[in-house]
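Trainee:
Residue numbers (the numbering used here): 52 to 454.
1) Any idea what DSSP makes of residue 69, helix, strand or coil?
2) So for residue 147, helix, strand or coil by DSSP?
3) Excluding sequence positions up to five away, which residues of its chain have a Cβ less than 8 Å from the Cβ of residue 269?
4) Helix, strand or coil for residue 166, going by three-state DSSP, please let me know.
5) Taking the C-alpha atoms as reference points, what is the distance between residue 444 and residue 359?
6) Just to confirm, are residue 248 and residue 290 a CB contact at a threshold of 9 Å?
7) To which residues of the same chain is residue 67 closer than 8 Å at the C-beta, ignoring the five residues directly before and after it?
8) Determine the contact status of residue 447 and residue 345, defining contact as a CB-CB distance below 9 Å.
9) Can you tell me whether residue 422 is buried or exposed? The criterion is at least 16 other CB atoms within 10 Å of its CB, across all chains shown.
10) With DSSP collapsed to three states, give me the class of residue 219.
11) Cutting at 6 Å between CB atoms, please list the residues of its own chain near residue 449, excluding the five before and the five after it.
12) Which runs of the beta strand (DSSP E) at least 3 residues long sit entirely within the region 356-380? Give them in chain order.
13) Determine the burial state of residue 142: buried for a count of at least 16 other Cβ atoms within 10 Å of its Cβ, exposed for fewer.
14) Exposed or buried, residue 416, counting other C-beta atoms within 10 Å across all chains shown (16 or more means buried)?
15) In chain order, what residues of the same chain lie with their CB nearer than 7 Å to the CB of residue 353, ignoring the 5 residues before and after it?
16) Answer with buried or exposed for residue 317, where buried requires no fewer than 16 other C-beta atoms within 10 angstroms of its C-beta.
17) Going by DSSP, name the residue or residues bridged to residue 171.
18) Contact between the region 155-175 and the region 237-247 is defined here as three or more beta-carbon pairs at a separation below 8 Å; is this criterion met?
19) Comparing alpha-carbon positions, which option in 116, 177, 81 and 452 lies nearest residue 342?
20) With a cut-off of 8 Å on the beta carbons, I'd call residue 378 and residue 428 a contact; round off their distance for me.
21) Take the Cβ of residue 335 as the centre, count every other Cβ of all protein chains shown within 10 Å, and call the residue buried at 16 or more, exposed below.
22) Can you have a look at residue 165 and say buried or exposed, based on whether 16 or more other CB atoms are within 10 angstroms of its CB?
23) According to the Cβ coordinates, are residue 252 and residue 371 closer than 9 Å?
24) What residue from 97, 355 and 442 has the CA that sits closest to residue 431's CA?
25) Could you name the residues that DSSP lists as bridge partners for residue 86?
26) Does the Cβ-Cβ distance between residue 82 and residue 184 come in under 9 Å?
27) Could you have a look at residue 412 and say whether DSSP puts it in helix, strand or coil?
28) Name the two residues that bound the continuous alpha helix (DSSP H) containing residue 397.
29) Would the beta-carbon of residue 254 fall within 9 Å of that of residue 154?
30) So the candidates are 117, 190, 414 and 240; which of them puts its Cα closest to the Cα of residue 279?
31) From residue 116 to residue 302, what does the alpha carbon distance come to, in whole angstroms?
32) Nearest to residue 304 by CA position, among 442, 179, 387 and 331, is which residue?
33) Tell me the DSSP secondary structure of residue 482 in three-state form.
34) Identify whether residue 292 lies in helix, strand or coil by the three-state DSSP scheme.
35) Taking the DSSP output, what are the residues bridged to residue 95?
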């Protein structure tokens, strides 16, 4: 065993884990070399069908319907996916490496040698949705802030620093930092996927033939991110000892929100309504109307300001102002749907936007230039403005009530 390769003997099965850095030329070379030398009966990779399709079929972005994205409340998920891709791409700049290229190399080498292969990762939209569902409101903000700061950092990593990502001690430190900063995200993005990947690799190594007899390959090469190696090995050993089930269908379902998460969206609207009603009974209709007007102005104006900062269409700005008070029932998401749909309808994304999105997402100028990412920016900043407006309104209304 070395720093990037672990051999796991499971009775009549042998699984060779190759830990990679996702923007490493050395990892690409190692993956190709190991598969050629070992000539396994199966190659497994840390990819899902959707990501593999996006890597091999560039036209997928051209089919993106932004209006549909906003209406289906997938704006934040798309944003998280894009900024994460932008961060990975920035890491690979100057190294001549495309993020995930080592996974594609594994599949290409397997096809070249006639070796069956398996995509063993969970669909990325399920992973992001489960992570998003498990986050509270503040954790959602922290996640987006973390991703955005990583996407726009100007610091470049040297090839030596990229390779150091495969060092276990450094990875342990990174995982501990992530766990302390966002425990729900760490659990979904790393711990759950460790178990999921291990189960799928195990299944690939133990598939039965059409007659029900054991027909799995005696040797499997699994190419995974280095950060998953330790967890995958632990889960594989537990499965082999029957201490853990290889059925991970439960991890393929979107989690339902808990009771507190469900009522959280009602806290601010109920607080605002209570203040305005209390103002009516304590000071009369005039004060109550003044409170209502003040709330509408704070809420609507800051949502409109967010759209203006995103350089949204004038009608999108107007929709943000009018829609923010209406959407207060879900203050952080609702108004973004109105403004995002309006922006995407008035400034429909072009084919060129789809073709350059991978490059544009890496710079602030590119995000403003690209109609796909600018619609997302309108969605996000109008939502953020409306949320801030609601928070400011509460002490402001309380101040009127105290007079």
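Think of the CB as a built atom: it goes at the ideal place given N, C-alpha and C, for glycine as much as any other residue.
All values derive from a computational prediction rather than experimental measurement.
Mentor: So, to answer that:
1) strand
2) Caution is warranted here: a pLDDT of 46 is assigned to residue 147, below 50, making its placement in the model unreliable, and no coordinate value can be reported.
3) 63, 64, 65 and 92
4) coil
5) 21 Å
6) no
7) 56, 57, 58, 59, 85, 89, 91, 270, 271, 272 and 273
8) yes
9) buried
10) Unreliable positioning characterises residue 219 in this predicted model, as indicated by a pLDDT of 48, which lies under 50. A coordinate reading is not provided.
11) none
12) none
13) Below a pLDDT of 50, predicted positions are generally treated as unreliable, and residue 142, at 47, falls in that range; the measurement from the model is reported next regardless. The residue is buried, with at least 16 neighbouring Cβ atoms inside 10 Å.
14) exposed
15) 436, 437, 439 and 440
16) exposed
17) According to DSSP, which records beta bridges pairwise, residue 171 is partnered with nothing at all.
18) yes
19) 452
20) In fact, because the Cβ distance is near 18 Å, the residues do not count as touching under 8 Å.
21) exposed
22) exposed
23) no
24) 355
25) In the DSSP output, where bridge partners are listed per residue, residue 86 has none listed.
26) no
27) coil
28) 385-397
29) no
30) 240
31) 28 Å
32) 179
33) Any property of residue 482 remains undetermined from this structure, which presents the chain solely from 52 to 454.
34) coil
35) 169 and 273
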